[in-house]
Amino acid sequence: MPDLAPEIVEAACFCGAVAWPAFALLVALLAIRLRYERSSFRAARRELIESESRYRAIFETAVDAIIVSDQHGIIREFSRAAETMTGYQAAELVGQNMRVLLPPAMRQEPERNTARYLWTVRELEVCRKDGSVFPAHLSIAEWWAGGHRHFTGILRDLSALHREQAERTKLEAQLYQAQKMEAIGNLTGGMAHDFNNMLGVVIGNLDLLRDLKGGDSDVDELTREALEAAFRGADLTRRLLAFARQQPLRPQRVDVNELVSGIARLLRRTLGEDIEISLNLAAELGSVVVDPAQLEASLTNLATNARDAMPEGGRLVIVTGNRTLDSDYAAQHTEVVPGDYVMLEVCDTGCGMTPEVIHRIFEPFFTTKARDKGTGLGLSMVFGFIKQSGGHIGVYSEPGIGTTFRLFLPRTTHKAPAVADSNVIPLAHGNGETVLVVEDNQALRHVVTRQLGELGYRVLAAENAAAGLELLDRQSIDLLLTDIVMPGGINGRELARRARLRWPGIKIVFTSGFSEARLNDDAGPLTACTPLLSKPYRKEDLANAAREALDRVA
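Residues 0 to 553, numbered by numbering that gives the first Met the number 0, are exactly what the sequence shown covers, in order.
What follows is the structure, given as structure tokens:
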């Protein structure tokens, strides 16, 4: 074996000389591979850092809340938006179960509920740290890492959206209610107009009968009872016109505190000893321009309703004050004009009303009282009067606690024109003047023609404006008594205009079952020198209107 040593060394040297280039090549390749992998690692690490940075930026700046949990529902990440939305800090919830954010009903089966929300968008309620809840959209995505499932949930707060929807629903309901009340008002106004025509016929004929059979006690008694019934019917139409905002008003400057003090003295005598009445009247209360009689009637009506709601007795409080209804309030009540108002509040401790009753209390003929206890027109009249006066009415009630009505009337610094005293004037007669009566209702036309004839006038009659114009063309007329609303294309206003062109000195009296306010809205204000005789009217009213018009200096 020692003899072979030189050969082995020589052979090894030969092999090394031969293998070295290959070994060097291998080392070079390994170095290149190592350099490439190191570069790839650095690139991957850089990309990972960038990806993490992007994720973190999105996670922390997203408006919607982002919550990451493991397969057991344990919270692993909690975004800033989630902190703001729920009131929790991330440190408080990381490591806690998602149940803490769920309503009690959903806490029992979290896994089943999680499956329901996977890859969908559903609405649920989320619990805040303070115990309150808010509506939210929840969507959940599932992903895997390290062989385990993880979940990412995204919450979107719907509180603002729900408020907007609720506000829109409220405004739509107010608009619907306003449109419904307007439609009912138009219907009742038209009915009242037709009913006034019929009452005019009844009252006119009763006046004629009374004059013909004067001195007969039986006839006088029957006539008186019939007239009283007719006037009750006229009062019914007045209430209908009040609701329709078409009643004739006599506005004047009113001190509300003084009016309330005066009416309170009457209420203490009429409501009974078991009703305690308290007044809380504001100092330096502003003035309003309204019809004082209608305001008194409205206050009396509210007080009477309050008494009926307290059959065992109770407390009635009347409050006055200056109030400003701003644009925010007006935005919640579509019919309100922002501005300064005088408030008149009537509160009782009665049985209260349900929301369903409150929704209908201002409708004509709606009542919760027994059939013989009320007509259902009292609050309708109050509603119409306040609206016709440019005001607003609100009602607040809870069953078993009581009801509060608030009347808001525009505050003013201007004086209203003085209202003439309504003293009774003796029956005035004619002196043979010619009167043209233009009335489309045949029965009423016949009654008025006969009444004017008995008063000493020469009377001509026409059923419409066209027939009236023919009579005007043929002879001189001293007084034109014409209905305003008539069929045929020419109304009473246009007839009066043409009559003045033909006879410049002619005197005119308008009649109508509609109020002057309604007629003014339809075609501009009536002229001050042309009086309006509202239907139904008595013979005395007709006589005085005709005489005053004829005696007026042009």
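Yeah, the Cβ is synthetic: ideal placement off N, Cα and C, and Gly gets one too.
Cα atoms of glycine 512 and aspartate 477: separation of roughly 24 Å, rounded to the nearest angstrom. In this structure, the alpha-carbon of alanine 308 lies about 6 Å from that of cysteine 350. In the DSSP assignment, phenylalanine 382 falls within the alpha helix (DSSP H) that extends over 377-387. In this structure, glycine 383 sits away from leucine 408, with a CB-CB distance that is not shorter than 7 Å.
A straight line joining the alpha-carbon of asparagine 256 with that of glycine 320 spans about 9 Å. A distance below 8 Å between beta-carbons, with the five flanking residues on each side excluded, links isoleucine 357 to the following residues of its chain, in chain order: Val394 and Ser396.
Here DSSP, grouped into helix, strand and coil, assigns serine 277 to strand. Exposed is the label assigned to glutamine 474, since fewer than 16 other Cβ atoms lie within 10 Å of its Cβ. The C-beta distance from threonine 333 to leucine 470 rounds to 49 Å, too long to meet the 8 Å contact threshold. Taking the Cα positions, alanine 23 is about 55 Å away from threonine 60. Judged by pairs of C-beta atoms under 8 Å, the segment 291-309 does not touch the segment 131-148, as fewer than three such pairs exist. In the DSSP annotation of this structure, the continuous segment of the alpha helix (DSSP H) that includes leucine 265 starts and ends at 255-269. Using a C-beta cut-off of 8 Å, the segment 447-463 makes contact with the segment 202-210, since at least three inter-stretch Cβ pairs fall below that distance.
In the structure shown, serine 297 adopts helical secondary structure according to DSSP, grouped into three states. Taking 8 Å as the upper bound for CB-CB distance, glycine 130 and methionine 97 are not in contact here, some 17 Å apart.
In this structure, valine 120 sits away from alanine 135, with a CB-CB distance that is not shorter than 7 Å. DSSP lists Arg322 and Pro409 as the beta-bridge partner residues of tyrosine 340. Leaving aside the five residues that flank methionine 485 on each side, the residues in its chain whose CB is nearer than 7 Å to its CB run, in chain order, Asp439, Asn463, Ala464 and Gly491. Boundaries of the alpha helix (DSSP H) harbouring arginine 79: 79-85, taken from the DSSP string. Taken through DSSP and simplified to helix, strand or coil, lysine 128 comes out as coil. Classified as exposed, phenylalanine 40 has fewer than 16 neighbouring CB atoms from the shown chains inside 10 Å of its CB.
The alpha-carbon separation between alanine 104 and leucine 174 amounts to approximately 38 Å. Rounded to the nearest whole angstrom, the C-alpha separation of leucine 100 and methionine 84 is 11 Å.
CA-to-CA, the gap between glutamate 224 and phenylalanine 361 works out to about 31 Å.
For the pair tyrosine 328 and glycine 338, the Cα-to-Cα distance works out to about 10 Å.
Collapsing the DSSP output to three states places asparagine 463 in coil. Listed as beta-bridge partners of arginine 148 by DSSP are Trp143. Under the DSSP definition of a beta bridge, asparagine 96 partners with Ile73. Judged by DSSP in its simplified three-state form, glycine 452 adopts helix. Here histidine 428 carries a coil assignment [DSSP, helix/strand/coil]. Taking the CA atoms as reference points, threonine 412 sits about 23 Å from asparagine 279.
Spanning the alpha carbons of serine 52 and glutamate 46 requires a straight line of approximately 10 Å. In this structure, DSSP gives valine 437 an extended state, which the three-state scheme calls strand.
For glutamate 493, no beta strand (DSSP E) run applies; the uninterrupted alpha helix (DSSP H) run containing it begins and ends at 491-501, by DSSP. Around the beta carbon of serine 533, 16 or more other beta carbons sit within 10 angstroms, so the residue counts as buried. In the structure shown, the three-state DSSP call for glutamine 331 is helix.
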